Structures are given as C-alpha cells and as structure tokens.
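In this note's numbering, the protein residues as written are 18 to 342.
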C-alpha cells in the first residue's frame, strides 16, 4: 500500500513509518519538524517538509499520488502545556485534523488510523475499557476526543474508514530509535537524562493521590507493541469501517516505581523533588486491552518496567543528544 504518515519525524510516527517500509509499503512522511527530527525519518520514505495548516501543500501532496491510507501522528502531546495554552492545542490537534480529513476525502483516501490517547477517559480505579466513562482531564485529551468524534461523522457521511488507537504511555526504544523531545517532560526520558548528567532532578507532581504511594499511576506500553497495533489496525480497515481500541499493557506503575526502577537500571541516584499536583493529571489510567487482543489478535510483548527502561537507557546512552549530532 501507499501510506501517508503525518508526524512521521516524531517518536512513534517515525518508528511506524520504518515498520511500514520493512513490511513492503510505500511511505510519504508529512511533518513540520516543529517537534520532530529530520534524522528520525527512515530511509526509503519520501519526505514533505510542511505543516498540516498549509492547505495548499497538504492538498497538493494528497492529490499528487494515490494513497491507500493515512496514519495520523501529528499532534502536540504535552498535557500540562495544553492547560496553559489551550488555543495552541485546539488549532494544531483539532483544526488541522479536520483539514486533513476534508482534503483526504476530496483526494479519495478511504482509510485513516488515528494516534489517540487514554487521556480521553476519566480517571478510574478499574482498568479502562472502551466503554469506560469519557471525561478528559486536560485540553490535550479533549482535542483527541473531538477528533475521534469528527472522524465518526466523516465515516458516516463520506465513508472514511478509521481506527482510533487510544494508547497509554508510550515508552522504551528500538535499535536506533528512541524518545527525544526538546525540552523533555516525559517521565522515562527525563529520569534517564538525570542519569546522564543532563538534568538535576525529577519532579513528582502530587504525592497525595488516592494510590498506594500517593503518586499517579500509569500504564506503560512499549513502542514495539504500539507499532504492531497500528499495522494490525491498518489491515483490519479493509473489512471494517470503524474501530476504537485501547492499546496498553494492562499493568500500572506509579511515578515513584518508575524512578526507583530507573535507579536500579542506570546505577545512578536520580534525585526527585516533590511538588503539588499538576493541572490536567489523572490519578490512575490503566488499560484493559482485552478488546484489541480479542478482535485483532494483538498482545503486548514487553510489559516489564525494568526491561522497558533498559531498552530506553541503552538508546539514551548511545544517543545522549537524541537525534542531534
């Protein structure tokens, strides 16, 4: 197939683009490089350096060739930032996604796989199923939920088949591929930067949550398992017009547990500073991946936090400046 990948210079988008190429597909990466990295784009992919808000570039690209599907990774993802600058997130995550849908329909593209998020849900003491109550705690999650809802209208009105993959905390690394944001705010790469001497301490936002150690609990899903979920969903869209799946390991780790495991893996102290709760954070978000396991035959293969952190640590040691040389 000929696949159009938005955000294909980012952490998950670039790794998925590489997997698509290895599977024999043709890939065009469309990325503004605002948060992505040119060096992360896999060899063999055609690259268009443009933003989704550039309707001319987007329309020209999507109509210049026949694309079988879109994989949409282009979005701002920092939940905390979304509570400070909501307009930035509504413009990029929602409005740009609407423009992508509109032009995709005009260009005759029939399938779209959306990188969505567990942030669409309310916090829950129980593992989250696809039927769990929705209720984003931050603007980021709300923009993703609105994008899902818009896709459902484009499906019913225009026949645009779509899969929304609501995944949990993406983490870990593959050979030659890891997580690199500037500035870095995600917990795992942040604590590994501390071990490398690039930062002084980790911040624990909130120690009074209703959890065993008082810190937020999250489901961590290895990037390799995320990629396999995307490829399975893409294939399934040949037979189904809509799918929504949670993609997570079903295991939860608290902030303190992640930091302590990082200390063991790296052999470094990794100081941690306790701070008040951060707006937009949920106490507990753990997936029930039963639906995607049952319907697509997917299963998480890397669920051990020590192994996840070890894979990330090896990449960060070899690439202390990320994709910058």
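C-beta: ideal position from N, C-alpha, C; glycine also.
Source: prediction; values computed, not measured.
**OP:** Return the CA-CA distance between residue 25 and residue 298, expressed in angstroms with no decimal places.
**Re:** Walking along the chain shown from the start, residue 25 turns up at place 8. Walking along the chain shown from the start, residue 298 turns up at place 281. One C-alpha to the other measures close to 27 Å.
Subject >> Chain-order list of residues whose beta-carbon lies under 6 Å from that of residue 109 (same chain, five-residue window excluded) >> reply: Working through the chain shown from its first residue, we reach residue 109 at position 92. Result list for residue 109: 93, in chain order.
Original post:
Is residue 142 helix, strand or coil by DSSP?
Top reply: Translated into the one-based positions of the chain shown, residue 142 becomes position 125. Under the three-state reduction of DSSP, residue 142 is assigned to coil, being neither helix nor strand.
**OP:** Figure out for me which residue from 189, 272, 307 and 178 has the closest Cα to the Cα of residue 244.
**Re:** Locating residue 244 in the chain shown gives position 227, where the first residue counts as 1. Minimum Cα-Cα distance from residue 244 among the listed residues 189, 272, 307 and 178 corresponds to 189.
Subject >> Close-in-space but distant-in-sequence residues of the same chain around residue 116 (CB under 8 Å, 5 per side omitted) >> reply: Numbered from 1 along the chain shown, position 99 holds the residue referred to as residue 116. Excluding residues within five positions, the ones whose Cβ falls inside 8 Å are 69, 70, 72 and 75.
**OP:** Reducing DSSP to helix, strand and coil, say where residue 97 ends up.
**Re:** Position 80 of the chain shown, counted from the first residue, corresponds to residue 97. Residue 97: helix per DSSP, three-state reduction.
Original post:
Is it right to say residue 210 is buried, meaning 16 or more other beta carbons lie within 10 angstroms of its own, or is it exposed?
Top reply: Along the chain shown, one-based indexing puts residue 210 at 193. Residue 210 comes out buried.
Subject >> the region 154–164 / the region 321–329 touching (three or more Cβ pairs under 8 Å) >> reply: Verdict: no, contact absent.
**OP:** Output the boundary residues of the beta strand (DSSP E) element that contains residue 159.
**Re:** As a working mapping, residue 159 is identified with position 142 in the chain shown. Not the beta strand (DSSP E): residue 159 falls in the alpha helix (DSSP H), residues 156–175.
Original post:
Is there contact between the region 127–144 and the region 38–51, where contact requires at least three CB pairs shorter than 8 Å?
Top reply: no
Subject >> For residue 274, the first and last residue of its enclosing alpha helix (DSSP H) >> reply: Looking up residue 274 in the chain shown gives position 257. Element bounds for residue 274: 272–283.
Original post:
First and last residue of the alpha helix (DSSP H) that includes residue 113?
Top reply: Indexing the chain shown from 1 puts residue 113 at position 96. First-last of the alpha helix (DSSP H) with residue 113: 113–124.
Subject >> the region 225–238 touching the region 267–286, judged by at least three CB pairs closer than 8 Å >> reply: yes
Original post:
Touching or not, the region 116–126 and the region 83–93, by the rule of three or more beta carbon pairs under 8 Å?
Top reply: yes
Subject >> Own chain partners of residue 139 with C-beta closer than 6 Å, once the 5 adjacent residues on each side are dropped >> reply: Position 122 of the chain shown, counted from the start, is the residue given in the question as residue 139. Close CB contacts of residue 139 within its chain, under the 6 Å cut and outside five residues either way in sequence, are with 150 and 152 (chain order).
Original post:
Out of curiosity, what's the CA-to-CA distance linking residue 248 and residue 46?
Top reply: Residue mapping note: residue 248 aligns to position 231 of the chain shown, counting from 1. Residue mapping note: residue 46 aligns to position 29 of the chain shown, counting from 1. Rounded to the nearest angstrom, the two C-alpha atoms are 16 Å apart.
Original post:
Comparing alpha-carbon positions, which option in 167, 107 and 186 lies nearest residue 301?
Top reply: Position 284 of the chain shown, counted from the start, is the residue given in the question as residue 301. Comparing C-alpha distances from residue 301 to each of 167, 107 and 186 shows the shortest one belongs to 186.
Original post:
Under three-state DSSP, which class holds residue 132?
Top reply: Here residue 132 refers to the residue found at position 115 when the chain shown is read from its first residue. Here residue 132 sits in strand by DSSP.
Original post:
Do you know whose CA, among 194, 212 and 219, lies nearest residue 203's CA?
Top reply: Translated into positions along the chain shown, residue 203 becomes position 186. For the residues 194, 212 and 219, the minimum Cα distance to residue 203 belongs to 219.
**OP:** Starting from the C-beta of residue 242, find all residues in its chain whose C-beta is less than 7 Å away, skip the five residues before and the five after it, and write them out in chain order.
**Re:** What you label residue 242 is simply residue 225 of the chain shown in a count that begins at 1. In chain order, 317, 318 and 319 place their CB closer than 7 Å to the CB of residue 242, counting only its own chain and leaving out the 5 sequence neighbours on each side.
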